[in-house]
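A quick write-up on the structure given underneath.
In the working numbering, the protein residues as written are 10 to 256.
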């Protein structure tokens, strides 16, 4: 039974992802973000539990990826779809009536929101590569799917809790969101080494970059709140470009 604890935690990740997906489809992006974030927390602890209990297994590895496809793939994809829909039509997509005569038209802009689903495809492809890539043991190649999910889900949080006319004009611009979507897909799969938060020792000298990044991230969150999330993600990428970790 102890050996199943990591799989149970992974299943909770999947459950949170399913709930988040329901909220995202219904247009409640804040609730979707909350449950996706809970799923990401469970995703962190399942690996930790597997290591502490020495309960790694092939089933656990596959279940983890399947759960991540939902929580850190489909959910951010649907959230981006809804943001693009709001940017092009002024409201989130009504899934129930999408193909009715009153709910669908054939203009180019009516198809644009579906661009957001490329995030789900790119995330699934990254997860599949990660499972067979033996190089990503001490660092990552490309942006991890949980980090990309936080990047995408920061947008509805900013709009809900820190909205200004300027921010709304930027974040609900369909072309900004389209470029953001493509950039997200590229970052997921581009082979740029990004440092991982795996502390082999706790001394400052060998982990200086990690400690400085963590402290900086906390300060940014305190000062900028949700706006800090995309800043932190891009800072993470920028630091990795100059401090090249070995894969």
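The beta-carbon is built from N, C-alpha and C at its ideal position, and this holds for glycine as well. The model shown is predicted, which means the values in this text are computed figures rather than measured ones.
Which of helix, strand or coil DSSP assigns to residue i
{"i": "residue 15", "result": "helix"}
{"i": "residue 153", "result": "coil"}
{"i": "residue 148", "result": "strand"}
{"i": "residue 62", "result": "coil"}
{"i": "residue 173", "result": "coil"}
{"i": "residue 89", "result": "helix"}
{"i": "residue 181", "result": "coil"}
{"i": "residue 37", "result": "coil"}
{"i": "residue 125", "result": "helix"}
{"i": "residue 102", "result": "coil"}
{"i": "residue 225", "result": "helix"}
{"i": "residue 52", "result": "helix"}
Alpha-carbon to alpha-carbon, residue j and residue i
{"i": "residue 124", "j": "residue 193", "result": "12 Å"}
{"i": "residue 223", "j": "residue 156", "result": "14 Å"}
{"i": "residue 18", "j": "residue 55", "result": "5 Å"}
{"i": "residue 58", "j": "residue 65", "result": "9 Å"}
{"i": "residue 46", "j": "residue 52", "result": "10 Å"}
{"i": "residue 27", "j": "residue 79", "result": "7 Å"}
{"i": "residue 23", "j": "residue 89", "result": "20 Å"}
{"i": "residue 219", "j": "residue 98", "result": "42 Å"}
Which listed residue (the options) has its alpha carbon closest to that of residue i
{"i": "residue 235", "options": "184, 185 and 176", "result": "176"}
{"i": "residue 189", "options": "144, 172 and 161", "result": "161"}
{"i": "residue 237", "options": "71, 163, 195 and 27", "result": "163"}
{"i": "residue 81", "options": "133, 35 and 39", "result": "133"}
{"i": "residue 36", "options": "243, 205 and 85", "result": "85"}
{"i": "residue 61", "options": "74, 12, 245 and 75", "result": "12"}
{"i": "residue 201", "options": "148, 72, 21 and 122", "result": "148"}
{"i": "residue 245", "options": "33, 102, 150 and 43", "result": "150"}
Beta-bridge partners of residue i, as assigned by DSSP
{"i": "residue 202", "result": "150"}
Q: Pair every Cβ in the stretch 179-186 with every Cβ in the stretch 129-143, then say whether three or more of these pairs are closer than 8 Å.
A: no
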